[in-house]
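K.L.:
Taking our numbering, I'd label the letters of the sequence shown as residues 69 to 470. Ideal placement from N, C-alpha and C gives every residue a C-beta, glycine not left out.
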Amino acid sequence: MGNRDLDRLFFGGKVKSIVILWTSIWFEFSSRCLKAKQMSSSRLLFSNGILSCTLDVPPVKVFLETHPGAYTTSRTHNNALCLLFWERHMKRLSESIQVLSSLAPQLLFKSNNSAIRLPSSATLPVWQPTVEMLVNDSMCKVLPIALKERNDCEELAITILASGNLEELNACETVSEERMRKILDVHVHIETYVPPKFGIWGNGAQLAVVGKGRHVPAAKYSAWVRIRKTLEKFRPPSVTELLLSNDGDHILEGCVTNFFVVCCKVWDSDDGKALDDYGNKYPFEVQTAPISDGVLPGTIRQLVLEVCRSEGIPFREVAPSWSEHEIWEEAFITSSLRVLQHVDNIQVPREWQFAHCKTWKDMSWTNKQFQGGPGVITSLIQEKIMEKAILEGYPISKVYAS
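Structural data, given as structure tokens:
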């Protein structure tokens, strides 16, 4: 046996051993992840100075249904080493408080005294640093326990709810930064979360258009969780997210997501140029409904637009029209937990006037099927957003230091 044969045998055996070792490690890792995912979620709640643990803590949807206020949801990232786009979420929470206090105080304030009437408007001078301080004070009480209880492969889904205390509001003539701390009650709900893998076959979203746009879309508020339950009777089996539209054609957003399509540009048959051309040579564009149409200014939505600008991807803020779904090549939804998820299928009622329908079974549906998992543009945008997640990651240690 020559040296070459020995080398082949040695290195081949070594490579084989390494492959076996890594296969074993990956199998163990995957098994632990699956076990963690199958376990019932560990939940914690810090509310009004009281820490509650799993048995006493309802799922976040149930908690939000029974407590008024503005809220935001984020999660940890990179094995719970940092918070995902945390500073953006704090800014959005502050803006939601401001909007609700001005336009819909009934969605923000609570009172233990039914005799106290809600003001028609109670515009609060919201100081974002004050909101962040209140949130961090509560986070410091609950986050160390949540981190200790989480399993490998798990992240933490964190929902911050800020409710206005009506008694405290009426007790002060002017709202100072100091009084703001008493007017706002901050609740922190944390539960374990296993993020789905992007791009895995079968991991795509299944969507159905069933409801009209939300009230006060500029703010994220807890009452929407209760309001949107009325749409559940129209949810077909296997559908993972419900989309909203005011006319059955122009799609605004999802109940808990923003909605995007990647479509071919419409060409003018006379001069061979794309209509609404921005001087861009690409034959496609990304579309999503504008804020002015009444959609939530989602954190990840804004990141998608930033990525499109920086990467030279053509985009237009216009509600995707179902009547043009034949030119849709890709579609995806965004949320703070899943970040970005490609769409496999969209169902739309053939007739938009379905008030007489009691369930999804009473409706006739048409659908659009996307083939082959996430497309090239969807994958590129997801990749760039996750790069931003690393750059903008808010270290857990900074919460303790605040």
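Would G137 and P173 qualify as a contact pair, given that the criterion is a beta-carbon distance under 9 Å?
P.N.:
The answer is no: Cβ separation not under 9 Å.
K.L.:
Short check: CB of F328 to CB of A230, under 9 Å?
P.N.:
No.
K.L.:
Measure the alpha-carbon distance for C331 versus W195 and round it to whole angstroms.
P.N.:
Roughly 41 Å between the two C-alpha positions.
K.L.:
Inspect the CB distances between the region 396–412 and the region 130–149 and report whether three or more fall short of 8 Å.
P.N.:
Yes, they touch.
K.L.:
What are the start and end residues of each continuous alpha helix (DSSP H) run of 4 or more residues lying completely inside the region 262–318, in chain order?
P.N.:
Taking only runs of at least 4 residues, the alpha helix (DSSP H) segments lying wholly in the region 262–318 are 291–295.
K.L.:
Measuring CA to CA, which of I213, K178, S290 and V210 is closest to S164?
P.N.:
Among I213, K178, S290 and V210, the Cα nearest to that of S164 belongs to S290.
K.L.:
Hey, is the region 148–168 in contact with the region 216–228, meaning 3+ C-beta pairs nearer than 8 Å?
P.N.:
With a cut-off of 8 Å, the region 216–228 and the region 148–168 count as touching, because enough Cβ pairs lie within range.
K.L.:
Under 9 Å between the Cβ atoms of E379 and I359?
P.N.:
Taking 9 Å as the Cβ cut-off, E379 and I359 do not qualify as a contacting pair.
K.L.:
Answer with buried or exposed for C150, where buried requires no fewer than 16 other C-beta atoms within 10 angstroms of its C-beta.
P.N.:
With 16 or more other Cβ atoms within 10 Å, it is buried.
K.L.:
Can you give the beta carbon distance from V416 to T434, rounded, assuming they're within the 8 Å contact cut?
P.N.:
Sure, about 6 Å apart at Cβ, within 8 Å.
K.L.:
By how many angstroms is the C-alpha of P197 removed from the C-alpha of R249?
P.N.:
Those two C-alpha atoms are separated by around 11 Å.
K.L.:
Between H486 and I414, what straight-line distance do the alpha-carbon atoms span, to the nearest angstrom?
P.N.:
Outside the displayed range of the chain (69 to 470) lies residue 486, so it cannot be described from this structure.
K.L.:
So for N147, helix, strand or coil by DSSP?
P.N.:
Looking at N147 - three-state DSSP - the assignment turns out to be coil, as it is neither helix nor strand.
K.L.:
Considering only C-alpha positions, which residue in the set E259, K209, M207 and L234 is nearest to R218?
P.N.:
Here the closest residue by C-alpha is E259.
K.L.:
May I ask you to verify whether the region 278–288 touches the region 207–221, counting CB pairs closer than 8 Å and requiring at least 3?
P.N.:
No, they do not touch.
K.L.:
Under the rule that 16 or more other beta-carbon atoms within 10 Å means buried, what is V130, buried or exposed?
P.N.:
V130 comes out exposed.
K.L.:
Is S110 helix, strand or coil by DSSP?
P.N.:
Note: S110 maps to coil in three-state DSSP.
K.L.:
For a test of the three-state rule: what should DSSP assign to D220, helix, strand or coil?
P.N.:
The answer is coil: DSSP assigns D220 none of H, G, I, E or B.
K.L.:
When DSSP labels each residue in this structure, what does S115 get in the three-state scheme?
P.N.:
Reduced to three states, the DSSP call for S115 is strand.
K.L.:
To the nearest angstrom, how far is it from the Cα of Q450 to the Cα of E374?
P.N.:
Taking the straight line from one Cα to the other gives about 12 Å.
K.L.:
Rounded to a whole number of angstroms, what is the C-alpha to C-alpha distance between S313 and S465?
P.N.:
Between S313 and S465, the C-alpha separation is close to 42 Å.
K.L.:
Taking the alpha-carbon positions, what's the G340 to P388 distance?
P.N.:
Because the pLDDT at G340 is just 47, under 50, the model does not fix this residue reliably, and the value given afterwards should be weighed accordingly. Looking at the two C-alpha atoms, the distance is approximately 23 Å.
K.L.:
Looking only at its own chain, which residues have a Cβ that is under 7 Å from the Cβ of L171, when we skip the five neighbours before and after it?
P.N.:
V284.
K.L.:
How big is the Cα-Cα spacing for P126 and N116?
P.N.:
Rounded to whole angstroms, P126 to N116 spans 16 Å at the Cα level.
K.L.:
Alpha carbon to alpha carbon, how far is Q437 from N271? Give it in angstroms, no decimals.
P.N.:
So the alpha carbons of these two residues sit roughly 14 Å apart.
K.L.:
Pick from L237, R111, L175 and P263: whose alpha carbon is nearest that of I213?
P.N.:
That would be R111, whose Cα lies nearest to the Cα of I213.
K.L.:
Who are G477's beta bridge partners in DSSP?
P.N.:
One cannot answer for residue 477 here, as it falls past the ends of the chain, which runs 69 to 470.
K.L.:
If we call anything under 9 Å between Cβ atoms a contact, is G279 one with F302?
P.N.:
Their beta carbons are under 9 Å apart, which means G279 touches F302 by this criterion.
K.L.:
Quick one: Cα of V411 to Cα of K429, how far?
P.N.:
Cα to Cα, the separation comes out at about 23 Å.
K.L.:
Taking the continuous beta strand (DSSP E) assigned at K436, which residues delimit it?
P.N.:
Per DSSP, K436 belongs to the beta strand (DSSP E) from W433 to Q437.
K.L.:
Leaving out the 5 sequence neighbours to the left and right, which residues in its chain are closer than 8 Å to K452 when beta-carbon positions are compared?
P.N.:
So the qualifying residues of the chain are V375, S378 and E379.
K.L.:
Is it buried or exposed, Q439, if we count other Cβ atoms within 10 angstroms and call 16 or more buried?
P.N.:
Label assigned to Q439: exposed.
K.L.:
Within a Cβ cutoff of 8 Å, which residues of the same chain sit near L320, ignoring the five residues on either side of it in sequence?
P.N.:
Same-chain partners within the cutoff: G281, L311, L312, S313, N314, F327, A357, D361, G362, V363 and A387.
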